[in-house]
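**Q** This structure is in structure tokens; I'll ask about it shortly.
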Amino acid sequence: MTLDPIALAVPFFFLLIGLELLFARFRRRRVYRFTDSFADLGCGVTQRVVLLLFEASLLASYALLYEHGRLVTFAPGSPWPWVIAIIGVDLAYYWWHRLSHEVNLLWAVHVVHHQSEDYNLAVALRQAVLSPITVMPFYLPLAVLGVPVTVFFIVNALSTLYQFWIHTELVDRIGVLENVVNTPSLHRVHHGVNPEYLDKNYAATFICWDQLFGTLRREEAPVVFGVSHPLRSFDPVWAQVQPLWALWQAMRRAPSAREAIRFLFASPAWHPDWLGPVEPRRGVDPEALPKFDVRPGRRRLGYVFAQLTLIIVVAFALLTWHKALSAAAVVTAVTWVLVSLVAGAALLEGRRWAVGLEMARIGVLAGAVAIVLLVPSIGPVLLASR
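Below, the structure written as structure tokens:
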């Protein structure tokens, strides 16, 4: 059993989401749509299960640099590794986050988190699969400064957990705290497509970085959430792939390899002539451009809700006990989760191929369960050490 702080926090995430939903209904506000929340939670599940395939390599790179490249070795029990980690993780996150809005390659990864046109606690779980890869280089200097792997892992996890609660519309400004830490009001600004709110408030925990580097903006006008060019889909797997595909398609239009590479590291606002006509940006009038939505029947909603619940349970079990499984079993389980999410989104959106995919998915699952139950020799293979 693996004690991953994020995995252990999952039940509390859903408890708080439930409380937010109840509080919103009490205040007669609609801050959740099941279709959008399916995509949000699906993106979070996708990131966490796919991360199982390469997370160890990321931590190993940090550990290797710490073992062979650190400049300082602190005495056991020294508070300095914790002080450096708390400040360093937050500062490194700020610059990763800021560059993820200012560099096309990084934005194609990070944009997944901004695609939702709602703003609630479920959106906090909408994460990109490749974000851990793009952020790790920003954290590696902490290894050189003598922050042990365990300290870094704990502080980074706590930073991630802190950022969960600031994704809500139901908490107004919090007085003097707005000058110290990131808050729901400040982070709402960050998720806005309002022109005055673009590229503001990058902080994770401490808002001083935005104050210091000139990116702070207070919430004034009502925030319109989402991105300038909406995804218009609730498929959490497509949400991960589409921005990278669009980036690749844009690079293919470049007149030379040099221009393609330049575009890769340029600002998302840069639009060279060879890209063709500029697509109109999304407006900020909700009536002129309503949120993308679909309206499946109640039975279909209930079915997809049941499937999403099963997917989350399987993903949580996989996150908790994956080290007891063979590599083949982990890859198979991850694949099943991803296909299940695609099928669920297709059912919600009424895709013509949705029912066929769902029938095939159920058939494969039933066959796999039957094989495990009827062929005793399969069990030890699935549980074999990797």
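Per our numbering, the sequence shown starts with residue 921, numbered consecutively.
Built from N, CA and C at the ideal position, the CB exists for glycine as well.
Should the region 1001-1017 be called in touch with the region 1123-1134, which here means at least 3 C-beta pairs below 8 Å?
**A** Verdict: yes, contact present.
**Q** Return helix, strand or coil for Phe934, following the three-state DSSP convention.
**A** Phe934 falls in the helix class under three-state DSSP.
**Q** Report the partner residues of Val1101 according to the DSSP bridge assignment.
**A** According to DSSP, which records beta bridges pairwise, Val1101 is partnered with Phe1126.
**Q** Any chance you could list the alpha helix (DSSP H) runs of at least 4 consecutive residues sitting entirely within the region 1183-1248, in chain order?
**A** As far as the region 1183-1248 is concerned, its whole alpha helix (DSSP H) runs of at least 4 residues are 1218-1241.
**Q** To the nearest angstrom, report how far apart Ala983 and Gly1134 are at their CA atoms.
**A** Approximately 34 Å, taken between the alpha carbons.
**Q** If Val1144 and Arg1108 are in contact, beta carbons under 8 Å, what's the gap, nearest whole angstrom?
**A** Not confirmed; about 10 Å, so no contact.
**Q** State yes or no: is the C-beta of Gly1264 within less than 9 Å of the C-beta of Val1214?
**A** In this structure, Val1214 does not lie closer than 9 Å to Gly1264 by Cβ.
**Q** Let me know if Ser1051 comes out buried or exposed under the rule of 16 or more other beta-carbons within 10 Å of its beta-carbon.
**A** The residue is buried, with at least 16 neighbouring Cβ atoms inside 10 Å.
**Q** Should the region 1274-1286 be regarded as contacting the region 956-963, the criterion being three or more beta carbon pairs within less than 8 Å?
**A** As far as the Cβ criterion goes, the region 1274-1286 does not touch the region 956-963, which means the pair count is below three.
**Q** To which residues of the same chain is His1030 closer than 8 Å at the C-beta, ignoring the five residues directly before and after it?
**A** Counting only Cβ-Cβ distances below 8 Å, and skipping sequence neighbours, we find His1017, Ser1020, His1021, Ala1048, Ser1051 and Thr1054.
**Q** I'd like to confirm the pairing. Which residues does DSSP put opposite Gly989 in its beta bridges?
**A** Answer is none; Gly989 lacks a bridge partner.
**Q** Distance, Cα to Cα, Pro1188 vs Ser1176?
**A** Taking the straight line joining both Cα atoms gives about 19 Å.
**Q** Suppose only complete runs of 4+ residues qualify. What are the alpha helix (DSSP H) ranges in the region 1021-1089, listed by chain order?
**A** The qualifying runs are 1024-1034, 1041-1044, 1051-1064 and 1069-1082.
**Q** Which partner residues of Gly1112 appear in the DSSP bridge assignment?
**A** Phe1145.
**Q** State the Cα-Cα distance for the pair Leu1267 and Phe1225, rounded to the nearest angstrom.
**A** Using only the alpha carbons, I get a separation of about 11 Å.
**Q** Looking only at C-alpha atoms, which of Gln1162, Arg1138 and Pro931 sits nearest to Leu1118?
**A** Considering only alpha carbons, the answer is Arg1138.
**Q** Could you tell me whether any Cβ in chain B is nearer than 9 Å to the Cβ of Arg1178?
**A** In the structure shown, chain B cannot be found, because there is only a single protein chain.
**Q** Determine the DSSP secondary structure at Phe994, reduced to helix, strand or coil.
**A** Note: Phe994 maps to coil in three-state DSSP.
**Q** Looking only at its chain, what residues have a beta carbon closer than 6 Å to the beta carbon of Phe933, apart from the 5 residues adjacent to it on each side?
**A** Correct list: empty, nothing qualifies.
**Q** Can you list, in chain order, the residues of its chain with a C-beta nearer than 8 Å to that of Val1254? Leave out the 5 residues immediately preceding and following it.
**A** Closer than 8 Å at Cβ, skipping near neighbours: Val969, Val970, Leu972, Leu973 and Leu1238.
**Q** Report all residues from its chain with a CB closer than 7 Å to the CB of Ile1086; omit the five preceding and five following residues, and keep chain order.
**A** For Ile1086, where only same-chain residues beyond five positions count, the Cβ hits under 7 Å are Asn1102, Thr1103, Pro1104 and His1107.
**Q** From His1034 to His1149, what distance separates their C-alpha atoms?
**A** If I take the Cα positions, the gap works out to 11 Å.
**Q** Whole-angstrom Cβ separation of Val1075 and Ala1005, contact assumed at under 8 Å?
**A** Contact holds; Cβ gap of about 4 Å.
**Q** Confirm, please, whether the CB-CB distance from Thr1080 to Ile926 is below 9 Å.
**A** For Ile926 and Thr1080, yes; Cβs fall inside 9 Å.
**Q** Residues in the same chain with beta-carbon distance under 7 Å from Leu1164, minus the five sequence neighbours each way, listed in chain order, please.
**A** For Leu1164, where only same-chain residues beyond five positions count, the Cβ hits under 7 Å are Ala1028.
**Q** Could you check how far apart the C-beta atoms of Ala1042 and Gly989 are, in whole angstroms? I think they sit under 8 Å.
**A** That pair is no contact at about 39 Å.
**Q** I'd like to know whether the C-beta atoms of Phe1058 and Trp1015 end up nearer to each other than 9 Å.
**A** Yes, they are a contact pair.
**Q** Less than 9 Å between the C-beta atoms of Asn1121 and Leu1097, yes or no?
**A** Going by C-beta atoms, Asn1121 is not nearer than 9 Å to Leu1097.
**Q** I need the DSSP call for Tyr952, collapsed to helix, strand or coil.
**A** Tyr952 falls in the coil class under three-state DSSP.
**Q** Taking the C-alpha atoms as reference points, what is the distance between Thr966 and Val930?
**A** Distance between the alpha carbons of Thr966 and Val930 is about 14 Å.
**Q** Measuring straight from C-alpha to C-alpha, what distance separates Ala1288 and Ala1159?
**A** Looking at the two C-alpha atoms, the distance is approximately 28 Å.
**Q** Between Gly1066 and Leu991, which are expected to be in contact by the criterion C-beta below 8 Å, what is the C-beta distance as a whole number of angstroms?
**A** Going by Cβ atoms, the distance from Gly1066 to Leu991 rounds to 7 Å, so yes, they are a contact pair.
**Q** For Gly1112, count the other beta carbons within 10 Å of its own beta carbon; 16 or more makes it buried, fewer makes it exposed. Which is it?
**A** Result: buried.
**Q** Under 6 Å Cβ to Cβ from Phe1185, same chain only, skipping five residues before and after it: list those, please.
**A** Closer than 6 Å at Cβ, skipping near neighbours: Val1023.
**Q** Using only alpha-carbon positions, find the residue among Gly1146, His1191, Asp1193 and Phe1154 that is nearest to Leu1209.
**A** Cα-wise, what sits closest to Leu1209 is Gly1146.
**Q** Of all the options Pro1197, Leu941, His1242 and Ala1141, which has the alpha carbon lying nearest to the alpha carbon of Arg1173?
**A** Nearest of Pro1197, Leu941, His1242 and Ala1141 to Arg1173, Cα basis: Pro1197.
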